[in-house]
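*Asks:* Counting from 1, position 127 in the sequence shown corresponds to residue 127 in the working numbering; the numbering is continuous, with no gaps. Glycine included, each C-beta is placed from N, C-alpha and C at the ideal position. Remember, predicted model here, so these are calculated numbers, not experimental data. Dumping the structure here so I can ask a few things about it.
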Amino acid sequence: MDVLILAGGLSHERDVSLRSGRRVAEILRDRGVKVQVQDVDTRLLGTLSSLADGVVWPLLHGSSGEDGSLQALLELAGVRYVGTRSKAARVAWVKPVAKAVYGREGVLTPDFVTLPQSLFREVGAEQVMDAIVARFGLPLAVKPARGGSALGVSLVTDRSQLSRAMVHCFAYGDNAMIETAVSGTEVAVSVIGTGTDATALPPVEIVCDGPYDYDARYNAGRVQYYTPARLETADAARVTEAALTVHRVMGLRDLSRVDMILDHEGRPQVLDVNIAPGMTETSLLPQAAVADPRDIGEIYEGIVRAALV
Numbered sequence: 001m002d003v004l005i006l007a008g009g010l011s012h013e014r015d016v017s018l019r020s021g022r023r024v025a026e027i028l029r030d031r032g033v034k035v036q037v038q039d040v041d042t043r044l045l046g047t048l049s050s051l052a053d054g055v056v057w058p059l060l061h062g063s064s065g066e067d068g069s070l071q072a073l074l075e076l077a078g079v080r081y082v083g084t085r086s087k088a089a090r091v092a093w094v095k096p097v098a099k100a101v102y103g104r105e106g107v108l109t110p111d112f113v114t115l116p117q118s119l120f121r122e123v124g125a126e127q128v129m130d131a132i133v134a135r136f137g138l139p140l141a142v143k144p145a146r147g148g149s150a151l152g153v154s155l156v157t158d159r160s161q162l163s164r165a166m167v168h169c170f171a172y173g174d175n176a177m178i179e180t181a182v183s184g185t186e187v188a189v190s191v192i193g194t195g196t197d198a199t200a201l202p203p204v205e206i207v208c209d210g211p212y213d214y215d216a217r218y219n220a221g222r223v224q225y226y227t228p229a230r231l232e233t234a235d236a237a238r239v240t241e242a243a244l245t246v247h248r249v250m251g252l253r254d255l256s257r258v259d260m261i262l263d264h265e266g267r268p269q270v271l272d273v274n275i276a277p278g279m280t281e282t283s284l285l286p287q288a289a290v291a292d293p294r295d296i297g298e299i300y301e302g303i304v305r306a307a308l309v
């Protein structure tokens with residue numbers, strides 16, 4: 001079995017992608033799997049044409065790796081690959097659309113509004129921000145409507161912080177999603193498999209000395225992780241069921257990670273779904289895999305073998 005890992009790309013998350021690719025390659029090689037790691041460049045289609053019986057594992061983060069574009073190219077090339085197919089990836093990539101899909105299934109998500117940068121210029125930024133605060137109150141979470149790794153995300157606890165948060169958000173995209181900031185226990189649940197055969201890895205609890213932003217995620221020291229999460233049995237079951245529901249109704253395949261807040265009433269409030277979660281040493285899915293009764297190498301090899309079917 002040959003595995004071609006695609007890592008790198010040109011998004012803001014290139015460095016994280018390269019680290020993810022190297023780490024997954026190491027673990028698979030320890031299992032005796034033949035692995036090649038390649039960037040996405042002009043050599044790609046030639047490499048794919050020579051990949052007879054192998055599997056591609058795309059580990060690109062950001063737009064080209066998660067918005068369905070790369071998946072569509074792999075489908076055009078007729079190769080087998082790990083992960084969600086292009087159509088479902090396009091839906092999952094746009095946060096407000098994803099919220100609408102899993103929200104129809106009764107999955108709770110914080111109340112939100114999505115607004116383009118152009119509207120702030122046309123109507124007047126201060127008036128729009130006043131309307132946002134009047135409608136949702138404080139605190140607020142401001143984030144790009146598309147994107148990952150918490151790039152462009154801000155927590156706003158005072159009206160005076162909102163303008164800077166919007167500027168920061170629009171540096172990463174033309175559409176902002178502003179949502180009620182729910183308080184509670186921050187949890188990430190990773191899901192392995194497809195459809196009714198999907199299973200959840202142990203939930204990971206995240207305790208951060210401030211916003212769980214890009215710096216906190218990929219630079220050690222600011223975050224404490226608890227795996228499994230320090231939850232009562234019933235709460236653990238609820239967050240697990242929420243993640244499995246999102247994975248199934250979104251039509252996701254092979255692996256995903258669902259980020260949520262377990263609010264003070266014991267209700268999972270889903271924040272985001274990731275079809276290409278980070279796989280670095282500090283990333284959440286690998287931490288959950290280490291806490292699983294199975295060996296992490298067994299889990300990763302199982303992901304690859306499932307893509308052969």
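Roughly how many angstroms lie between the CA atoms of Val-101 and Glu-26, to the nearest whole one?
*Replies:* Position 101 of the sequence shown, counted from the start, is the residue given in the question as residue 101. Position 26 of the sequence shown, counted from the start, is the residue given in the question as residue 26. In a straight line, the C-alpha of Val-101 is about 36 Å away from that of Glu-26.
*Asks:* Exposed or buried, His-264, counting other C-beta atoms within 10 Å across all chains shown (16 or more means buried)?
*Replies:* By one-based count along the sequence shown, residue 264 stands at place 264. His-264 should be labelled exposed.
*Asks:* Would Ile-299 pass as a contact of Gly-83 if the rule is Cβ separation under 8 Å?
*Replies:* On the sequence shown, position 299 is the one that residue 299 refers to. On the sequence shown, position 83 is the one that residue 83 refers to. Result no, Cβ atoms of Ile-299 and Gly-83 do not sit closer than 8 Å.
*Asks:* Identify the residues that DSSP records as bridge partners of Met-260: which are they?
*Replies:* Along the sequence shown, one-based indexing puts residue 260 at 260. According to DSSP, which records beta bridges pairwise, Met-260 is partnered with Val-187 and Val-270.
*Asks:* Around the C-beta of Ala-150, are 16 or more other C-beta atoms found within 10 angstroms, so that it is buried, or is it exposed?
*Replies:* Numbered from its first residue, the sequence shown carries residue 150 at position 150. By the neighbour-count rule (16 or more Cβ atoms within 10 Å), Ala-150 is buried.
*Asks:* Pick helix, strand or coil for Ala-324, following the three-state DSSP scheme.
*Replies:* A question about residue 324 goes unanswered here, because the residues of the chain that appear run from 1 up to 309.
*Asks:* Alpha carbon to alpha carbon, how far is Gly-54 from Leu-76?
*Replies:* What you label residue 54 is simply residue 54 of the sequence shown in a count that begins at 1. What you label residue 76 is simply residue 76 of the sequence shown in a count that begins at 1. Each residue's alpha carbon lies about 16 Å from the other.
*Asks:* Buried or exposed: where does Ala-36 fall if 16 or more other Cβ atoms within 10 Å of its Cβ makes it buried?
*Replies:* Within the sequence shown, the letter at position 36 stands for residue 36. Strictly speaking, residue 36 in this sequence is Gln, with Ala absent from that position. By the 10 Å Cβ count, Gln-36 comes out exposed.
*Asks:* For Arg-294, count neighbouring C-beta atoms within 10 Å of its own C-beta (all shown protein chains included) and say buried if the count is 16 or more, exposed if not.
*Replies:* To locate residue 294, count along the sequence shown from 1; it is residue 294. Arg-294 comes out exposed.
*Asks:* Excluding the 5 residues preceding and the 5 following Leu-244 in the sequence, name in chain order all residues of the same chain whose CB lies nearer than 7 Å to its CB.
*Replies:* As a position in the sequence shown, residue 244 is number 244, starting the count at 1. Excluding positions up to five away in sequence, the list reads Val-191, Ala-198 and Ala-200.
*Asks:* Sort Ala-242, Pro-58 and Leu-138 by Cα distance to Val-187 and report the nearest one.
*Replies:* One-based indexing of the sequence shown puts residue 187 at position 187. For Val-187, the nearest C-alpha among the options comes from Ala-242.
*Asks:* Taking C-beta to C-beta, are Arg-23 and Trp-93 nearer than 8 Å?
*Replies:* Position 23 of the sequence shown holds residue 23. Position 93 of the sequence shown holds residue 93. No.
*Asks:* Grouping DSSP H, G and I as helix and E and B as strand, with all else coil, what is Ile-206?
*Replies:* Within the sequence shown, the letter at position 206 stands for residue 206. Ile-206: strand per DSSP, three-state reduction.
*Asks:* Take Gly-221 as the anchor and find which of Arg-135, Ile-261, His-247 and Gly-210 has the nearest alpha-carbon.
*Replies:* For the purposes of this step, residue 221 is identified with residue 221 of the sequence shown, where counting begins at 1. With distances taken between Cα atoms, Gly-221 lies closest to Gly-210.
*Asks:* When you compare only the Cα positions, how much space is there between Gly-62 and Glu-13?
*Replies:* Stepping through the sequence shown from its first residue, residue 62 is reached at position 62. Stepping through the sequence shown from its first residue, residue 13 is reached at position 13. Gly-62 and Glu-13: Cα-Cα distance of roughly 6 Å.
*Asks:* Is the closest heavy atom of the ligand SAH to the C-beta of Gly-152 under 7 Å?
*Replies:* What this structure holds is no ligand at all, so the ligand SAH is not there to describe.
*Asks:* Identify the continuous alpha helix (DSSP H) that holds Glu-75 and give its terminal residues.
*Replies:* Along the sequence shown, read from residue 1 onward, the residue named residue 75 stands at position 75. Per DSSP, Glu-75 belongs to the alpha helix (DSSP H) from 69-77.
*Asks:* Tell me whether Gln-127 is buried or exposed, calling it buried when 16 or more other Cβ atoms sit within 10 Å of its Cβ.
*Replies:* Locating residue 127 in the sequence shown gives position 127, counting from the first residue. With fewer than 16 other Cβ atoms within 10 Å, it is exposed.
*Asks:* Quick check on Ile-192: does DSSP put it in helix, strand or coil?
*Replies:* Mapped onto the sequence shown, residue 192 falls at position 192. Ile-192 falls in the strand class under three-state DSSP.
*Asks:* How many angstroms separate the CA atom of Gln-269 from the CA atom of Ser-50?
*Replies:* In the sequence shown, the residue the question calls residue 269 occupies position 269. In the sequence shown, the residue the question calls residue 50 occupies position 50. Distance between the alpha carbons of Gln-269 and Ser-50 is about 45 Å.
*Asks:* Does the beta-carbon distance from Val-223 to Val-204 come in below 8 Å?
*Replies:* The residue you call residue 223 lines up with position 223 of the sequence shown. The residue you call residue 204 lines up with position 204 of the sequence shown. Contact flag unset, no.
*Asks:* As a quick exercise: from Gly-32, Leu-60 and Val-33, pick the residue whose alpha carbon is nearest that of Asp-41.
*Replies:* For the purposes of this step, residue 41 is identified with residue 41 of the sequence shown, where counting begins at 1. Out of Gly-32, Leu-60 and Val-33, Leu-60 has the C-alpha closest to the C-alpha of Asp-41.
*Asks:* Flag Leu-59 as yes if its beta-carbon sits less than 8 Å from any beta-carbon of chain C, otherwise no.
*Replies:* No chain C appears in the structure shown, which is made up of a single protein chain.
*Asks:* Roughly how far, in whole angstroms, is the beta-carbon of Gln-287 from the beta-carbon of Tyr-225, given that I think they are within contact range, below 8 Å?
*Replies:* Translated into the one-based positions of the sequence shown, residue 287 becomes position 287. Translated into the one-based positions of the sequence shown, residue 225 becomes position 225. That belief holds up - the Cβ atoms of Gln-287 and Tyr-225 are roughly 6 Å apart, short of 8 Å.
*Asks:* Between which two residues does the alpha helix (DSSP H) harbouring Ile-296 extend?
*Replies:* Within the sequence shown, the letter at position 296 stands for residue 296. Counting along the chain, the alpha helix (DSSP H) containing Ile-296 begins and ends at 296-306.
*Asks:* Does Glu-265 come out as helix, strand or coil in the three-state DSSP assignment?
*Replies:* Here residue 265 refers to the residue found at position 265 of the sequence shown. In this structure, Glu-265 counts as coil in the three-state DSSP scheme.
*Asks:* Please report the Cβ distance between Met-1 and Val-304, rounded to the nearest whole angstrom; I am assuming they are in contact, meaning their Cβ atoms lie under 8 Å.
*Replies:* For the purposes of this step, residue 1 is identified with residue 1 of the sequence shown, where counting begins at 1. For the purposes of this step, residue 304 is identified with residue 304 of the sequence shown, where counting begins at 1. So it is a contact: roughly 7 Å between Cβ atoms.
*Asks:* Kindly indicate which three-state DSSP category Ile-275 falls into: helix, strand or coil?
*Replies:* Looking up residue 275 in the sequence shown gives position 275. Reduced to three states, the DSSP call for Ile-275 is coil.
*Asks:* Rounded to a whole number of angstroms, what is the C-alpha to C-alpha distance between Glu-179 and Gly-195?
*Replies:* Residue 179 sits at position 179 when you count from the first residue of the sequence shown. Residue 195 sits at position 195 when you count from the first residue of the sequence shown. If you take the alpha carbons of Glu-179 and Gly-195, they lie about 29 Å apart.
*Asks:* With burial defined as no fewer than 16 other Cβ atoms inside 10 Å of the residue's Cβ, what is the status of Ser-118: buried or exposed?
*Replies:* Position 118 of the sequence shown, counting from 1, holds the residue named residue 118. Burial call: exposed.
*Asks:* Just to confirm my understanding: we take Ser-17, look at its own chain, exclude 5 residues before and 5 after, and list those with CB closer than 8 Å. What are they?
*Replies:* Working through the sequence shown from its first residue, we reach residue 17 at position 17. The residues are Ala-7, Gly-8, Gly-9, Ser-11, Leu-59, Leu-60, His-61, Gly-62 and Gly-65.
*Asks:* So what's Val-223 in DSSP terms, helix, strand or just coil?
*Replies:* Here residue 223 is taken as the residue at index 223 of the sequence shown, counted from 1. Reduced to three states, the DSSP call for Val-223 is strand.
*Asks:* Between Thr-240 and Ala-176, what straight-line distance do the alpha-carbon atoms span, to the nearest angstrom?
*Replies:* Within the sequence shown, numbered from 1, the residue matching residue 240 stands at position 240. Within the sequence shown, numbered from 1, the residue matching residue 176 stands at position 176. Using only the alpha carbons, I get a separation of about 28 Å.
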